[in-house]
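**Q**
In the numbering used here, the protein residues as written are 51 to 167.
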């Protein structure tokens, strides 16, 4: 499946899950842009969280810390806590694409996906 096949209209509903398809957030989003860095194609999404499920406390703490750092003007957040967030292996439900650069503030969600190889 090509990464472009994931996006086929402008107002999509999906679930952000872990590698076992345990739902964490139901989201509505629209495709914002496609870009390539270091030979990897990314799709960048922005949207809103419509439903929150049972999120592990450790993940909530990491996302809260990330939001605080960004609001303080620290933009190297991925270098500080990125590996800890990546350990949750977040993805879009039933799709072969992992989520990178997840950022949540209030009901807003901003993330990129990259196709798994």
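Here a beta-carbon is modelled for each residue, glycine too, at the ideal position from N, C-alpha and C. It should be emphasised that the depicted structure is a prediction, and the values quoted were computed from it without experimental measurement.
Do you know offhand how far residue 147's Cα is from residue 141's?
**A** If I take the Cα positions, the gap works out to 6 Å.
**Q** Tell me whether residue 79 counts as near the ligand ATP, meaning its Cβ is closer than 7 Å to at least one heavy atom of that ligand.
**A** With respect to the ligand ATP, the structure offers nothing, as it holds no ligand at all.
**Q** Pull up the distance between the alpha-carbon of residue 71 and that of residue 138, whole angstroms please.
**A** Approximately 11 Å, taken between the alpha carbons.
**Q** Thinking just about the alpha-carbon of each residue, which of 62, 67 and 63 is nearest to the one in residue 135?
**A** With distances taken between Cα atoms, residue 135 lies closest to 67.
**Q** According to DSSP, simplified to helix, strand and coil, what is residue 132?
**A** The answer is helix: DSSP assigns residue 132 an H, G or I state.
**Q** Please name the residue, chosen from 73, 128, 149 and 125, that lies closest to residue 100 on a Cα-to-Cα basis.
**A** Nearest of 73, 128, 149 and 125 to residue 100, Cα basis: 73.
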